[in-house]
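Taken in sequence, the protein lines are chains A and B.
The first sequence begins at 887 in our numbering and counts up by one.
The second sequence begins at 247 in our numbering and counts up by one.
Just below is one structure, and these are the notes that go with it.
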Amino acid sequence: MRGIYTPVTEIRRKVFAEVARFAYEKKEFSEIDTLPYQIIPGEVALYRDSVFKERAIVAERIRLAMGLNPRPVDRHAPLHEGMEASDIPDTYYEPPLISVMKFACEACPESAYQVTDNCRSCLAHPCTAVCPVQAVSIKKGKAIINKDVCILCGRCKDACPYNAIVHFDRPCAKACGVDAIQSDELGRAEINRERCVSCGMCLVNCPFAAIADKSQIFQLIRAIQSETEVIAEIAPAFVGQFGPLLPPEKIKPTLKQLGFHDVYEVAVGADIGAVEEAKHFLADVPQKQSFLATSCCPAWASMAKKLFPDIAHCVSDGMTPMVETARMIKKKKPNCKIAFIGPCAAKKLEAKRKSVRSDVDFVITFEELMGMMVAKGISWEETEKEEAFCNATAAGRGYPVSGGVAEAIITAIHDQAPEREIPTERADTLSDCRKMLQIAKAGKRNGYLLEGMACPGGCIGGAGTILPLAKANNAIKKYKEQSEMKRATESKFVKNAPKQ
Amino acid sequence: MTPKTTNKGRDKMSKIHLNVCVCPCCVMAGAMDILAEAEGLKKQIDVDIAVRAVKCFPAAKHDVIAPVIYFRGEMIENASAQTVMAKIFADERGGKRN
């Protein structure tokens, strides 16, 4: 439900703001038990059958927002249980990243065809005639589908002249492009950890807000409050996310007000990555590998490696812009801590990889940052100082929109080999990415550059974004146009690049 | 055939001014979504409406009243896309009767 503000969005953001406020005000952990009452006030339930259940779910969200696991349902456990351990100015994280809060899950039926009130029990009733397993029958003036027999072919739906038969999937399972949503013994959603790539699409699409990921805002604020120098690196999808009062030139001073020592744009790392992948393509495709798949989206790259091991070597092993930028900063300031701020849930998992752990210390989303700004009482209107980012090119700044990565790489390839023709295909959403890789596996994409993005529309459709997709797209387009440098090879951070 | 909603015949004074506060509290509470919905509605129906993102002076604390909108100058607290669209439609119907 991206781009539609619902009570699910409201509760999620309120939890981030209250946890951030709790951290800033350095309150005692025993006081955290009052937070669910602040977030869900009064005696009347607004969203569910009971206000107690609403508060219990919010309490689990608070624990997740502090990096903790949800509590077991079958024994007494106060909300603050185990919280002292999370009170550190460092990464605190217990896997898994994404959890289903079981008692919030409504155990929606899995994929099924259902007859609605549109059914007029017509004389023709073609729904019964076309069913290959006799699952449809007419009883008491209405078509009935026997779900035990139905094979989900959809022929009855297609044949009905009144559109009386509908197909539905569980929203979480439908949003999952890697079929990681299964059911437990009570029919509630359960995440298959072997398949999950932490894209976060289930958590933004669950209409009952029963799925949430862990946050690191509490520990990040503790790090900011400590003596450590904390530097923010902000993903290129940030443009426009916080509304017109916080344009790109005000991001740096605003984040400094929050306590960050400095701010870098990750688009710089995207420029470096684009040139590296261009070199990789020219050197290895098609001689050593049949195609090159981009690597910047961790959920897509992880899905490709998990589900398509035969062609996993065709996914670029280049560093993602997040890591590239972090390493660049840490070279200059080895003792600092780095917080990546982006639209993405999967980056939280990427930062936990052994090879990345020492580079990126914290990962938070735009929504979580928004919560920090509200908690700190930052007023954008009063932020008069402007400090524009001036290091990245339009190519790197275009990375978060579907097609932007391939465009940046192709331009960089043409700077080295102007005559080379590069067939390209791109896909967004993991289900479309899977289809693209199936075709590639069959050998039909040899010589191609394949761009995969796990979220709809690219990173701008990520699980931690604020701005509706179309607005985000326009904001990035405009920012790209304003960039002085256009091609990734023009970046001063790109070494040994052929200049146009 | 259903007649298309139109503003023909309404004077210039009838233009709806919808101002949406975009301070941090209001953005967190969905101000950008209200803007997007109102702009989307403008494209779908023929309604004379000017949608603007504004900042409140002096910088007000909108913690518990966000998002704040101004519909024809009237301040509405805890607004939502739903309430804004309802206002636009009610205004539109009222305008036709005049």
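Just so it is clear, CB atoms sit at the ideal spot from N, CA and C, and this is done for glycine as well.
Using the Cβ count rule (16 or more neighbours within 10 Å means buried), how would you classify glutamine 1386 of chain A? For glutamine 1386 of chain A, the predicted structure reports a pLDDT of 46, less than 50, and the residue's modelled location is therefore unreliable. A value from the coordinates is still provided. With fewer than 16 other Cβ atoms within 10 Å, it is exposed.
Count the other C-beta atoms from every protein chain shown that fall within 10 angstroms of the C-beta of glutamate 1307 of chain A, then say buried if there are 16 or more, exposed otherwise. exposed
Which of the residues in the segment 1340-1366 of chain A, read from start to end, lie with their CB under 8 angstroms from any CB of chain B? Within the segment 1340-1366 of chain A, the qualifying residues are Ile1352, Leu1353, Pro1354, Ala1356, Lys1357.
By alpha-carbon positions, which one of A/Cys1046, A/Gly1257, A/Ala998 ends up nearest to cysteine 1008 of chain A? For the set A/Cys1046, A/Gly1257, A/Ala998, the Cα lying nearest the Cα of cysteine 1008 of chain A is the one of A/Cys1046.
Quick one: what does DSSP say lysine 1060 of chain A is sitting in, helix, strand or coil? helix
Using 8 angstroms as the Cβ pair cut-off and three pairs as the minimum, do the segment 915-922 of chain A and the segment 1274-1284 of chain A touch? By the Cβ test, the segment 915-922 of chain A is not in contact with the segment 1274-1284 of chain A, since fewer than three Cβ pairs between them sit closer than 8 angstroms.
Relative to chain B, which residues along the segment 1110-1144 of chain A have a C-beta separation below 9 angstroms, given in chain order? Under the 9 angstroms Cβ criterion, the segment 1110-1144 of chain A contributes Gly1126, Gln1127, Phe1128, Gly1129, Pro1130, Leu1131, Leu1132.
Can you tell me which of the three DSSP states glycine 1344 of chain A falls into? Residue state, collapsed to three classes: strand.
In angstroms, rounded to a whole number, what distance separates the CA positions of glutamate 1119 of chain A and cysteine 1013 of chain A? 57 angstroms
8 angstroms is my cut-off, CB to CB: does glycine 1228 of chain A come that close to chain B? no
What does the Cβ neighbour count give for tyrosine 923 of chain A, buried or exposed, with the cut at 16 atoms within 10 Å? Classification of tyrosine 923 of chain A: exposed, given that the 10 Å Cβ count is below 16.
Distance between alanine 1061 of chain A and alanine 1340 of chain A (C-alpha atoms, nearest Å): Rounded to the nearest angstrom, the two C-alpha atoms are 11 angstroms apart.
Is there contact between the segment 1108-1125 of chain A and the segment 947-962 of chain A, where contact requires at least three CB pairs shorter than 8 angstroms? no
Between arginine 899 of chain A and glycine 1129 of chain A, which are expected to be in contact by the criterion C-beta below 8 angstroms, what is the C-beta distance as a whole number of angstroms? With a Cβ gap of about 14 angstroms, arginine 899 of chain A and glycine 1129 of chain A do not count as contacting.
Any heavy atom of the ligand ATP within a distance shorter than 7 angstroms of the CB on glutamine 328 of chain B? Summarising the ligand content, the structure contains no ligands, and the ligand ATP is consequently not present.
Kindly say whether valine 1201 of chain A, judged by its beta-carbon, lies nearer than 8 angstroms to any beta-carbon of chain B. Judged by the 8 angstroms Cβ criterion, valine 1201 of chain A is not in contact with chain B.
Listed by chain order, chain B residues near isoleucine 890 of chain A by CB distance under 7 angstroms: Ordered by position in chain B, the residues that pass the 7 angstroms Cβ test against isoleucine 890 of chain A are Asp279.
Any Cβ of chain A within less than 8 angstroms of the Cβ of alanine 327 of chain B? yes
Taking C-beta pairs closer than 7 angstroms, name the residues in chain B that arginine 899 of chain A reaches, listed in chain order. Met274
For aspartate 1099 of chain A, the nearest candidate out of A/Cys1230, A/Glu896, A/His966, A/Val1242 (CA to CA): A/Cys1230
Beta-carbon of glutamate 1376 of chain A versus every beta-carbon of chain B: anything under 8 angstroms? no
4 or more residues per run - each alpha helix (DSSP H) lying fully within the segment 1125-1181 of chain A: 1134-1144, 1153-1170
Residues that phenylalanine 989 of chain A bridges to, as DSSP identifies them: BP columns for phenylalanine 989 of chain A are empty, so no partner.
Ignore the nearest five residues each way along the sequence and tell me which others in leucine 1141 of chain A's own chain have a CB closer than 7 angstroms to its CB. Excluding residues within five positions, the ones whose Cβ falls inside 7 angstroms are Ala1118, Val1149.
Test: alanine 336 of chain B CB closer than 8 angstroms to a CB of chain A: no
Does any residue of chain A bring its CB to less than 8 angstroms from the CB of alanine 296 of chain B? So no, alanine 296 of chain B is outside the interface.
CB alanine 903 of chain A to CB glycine 1086 of chain A, shorter than 8 angstroms? Cβ distance not < 8 angstroms, so alanine 903 of chain A and glycine 1086 of chain A don't count as in contact.
Taking CB distances under 8 angstroms as the criterion, tell me whether threonine 895 of chain A reaches chain B. Nearest CB-CB separation between threonine 895 of chain A and chain B: below the 8 angstroms threshold.
Residues of chain B with CB closer than 9 angstroms to the CB of isoleucine 1264 of chain A, please, in chain order. Pro270
Going by the DSSP bridge assignment, what does glutamine 1000 of chain A pair with across the sheet? Paired residues: A/Val1052.
Apart from the five residues on each side of it in sequence, which residues of its chain come closer than 8 angstroms, Cβ to Cβ, to cysteine 272 of chain B? If we look at cysteine 272 of chain B and ignore the five residues flanking it on each side, its Cβ neighbours are Val266, His308, Ala312, Pro313, Val314.
Reducing DSSP to helix, strand and coil, say where methionine 247 of chain B ends up. Interpretation of methionine 247 of chain B is limited by its pLDDT of 41, a score under 50 that renders its predicted location unreliable; no figure is taken from the coordinates.
Which two residues bound the contiguous alpha helix (DSSP H) that contains alanine 1015 of chain A? 1012-1016
Spell out whether any CB of chain B is found under 8 angstroms from the CB atom of lysine 913 of chain A. no
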